[in-house]
């Protein structure tokens, strides 16, 4: 948030103010997803709006049951991953309909000098 407040290219930003409905196949119900940030920024191509989700990298890849991982741990990871994928598909569609960008940022990008 400090980065967003202090970066010259950021025009405005908000946190968890947009609601994206999504369907999760695991429970067969509609849910509400609140993306971490909506950012309006200046780029070389002009002003763009971007929806940003911050997640641990481990939650952005399909889990595997390697080693001695407990069954319950593995099932929880699968549940988290499938829910995230459902949210992100809905977010991508939401953004596409509005001509926004959608970006998932993990610790691999977050702590580099250049996030954008």
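In the working numbering, the protein residues as written are 24 to 139. Ideal Cβ placement from N, Cα and C applies to all residues, glycine included. Treat the numbers as computed from the prediction; the structure is a model and nothing was measured.
Can you confirm whether the stretch 105-114 touches the stretch 34-49 when touching is taken to mean that 3 or more C-beta pairs between the two stretches lie within less than 8 angstroms? yes
Looking only at its chain, what residues have a beta carbon closer than 6 angstroms to the beta carbon of residue 76, apart from the 5 residues adjacent to it on each side? Within the chain shown, numbered from 1, the residue matching residue 76 stands at position 53. 58, 59 and 127.
Simplified DSSP assignment, three categories, for residue 56: Locating residue 56 in the chain shown gives position 33, counting from the first residue. Strand at residue 56.
With a threshold of 7 angstroms, establish whether the CB of residue 133 neighbours any heavy atom of the ligand PLP. Only the bare structure without any ligand can be found here, which leaves the ligand PLP out of the picture.
Paired residues, beta bridge with residue 124 - DSSP: To locate residue 124, count along the chain shown from 1; it is residue 101. For residue 124, which the question treats as bridged, DSSP gives the partners 73.
Keeping to the same chain, check which residues put their C-beta closer than 8 angstroms to that of residue 93; ignore five residues upstream and five downstream. In the chain shown, the residue the question calls residue 93 occupies position 70. Within the same chain, residue 93 has no close Cβ partners at all.
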